[in-house]
Amino acid sequence: MTCEMPGCERVAKKRWRTIPICNSCHGKLRKETLSFYDGRTKPENRRMYKQFKEVEAKAK
Ligand SMILES: [Zn+2]
């Protein structure tokens with residue numbers, strides 16, 4: 001299985017919610033999410049999460 005994030009072709013070994021993604025994208029999403037909840041990243045700057053939401057919307 002390949003990572004579902006746009007432009008990423010690494011092997012998906014993890015999931016974010018129900019979407020298969022690679023370790024690298026999972027790490028970036030996790031870091032960005034933590035940073036957002038800490039107030040260090042503004043909602044409009046959640047680049048990985050925005051991409052993820054688009055992928056998730058298509059998967060439904
Ligand atoms: Zn990836």
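Those letters in the sequence shown? Residues 1 to 60, by the numbering used here.
Ideal Cβ positions, reconstructed from N, Cα and C, are used throughout, including at glycine.
Asked, Found
"Between the C-alpha atoms of residue 54 and residue 39, what's the straight-line distance to the nearest angstrom?", "23 Å"
"Ligand 1 heavy atoms versus the CB of residue 19: any closer than 8 Å?", "no"
"Excluding sequence positions up to five away, which residues of its chain have a Cβ less than 8 Å from the Cβ of residue 51?", "5, 6"
"DSSP state of residue 6, grouped into three classes?", "coil"
"Apart from the five residues on each side of it in sequence, which residues of its chain come closer than 8 Å, Cβ to Cβ, to residue 28?", "48"
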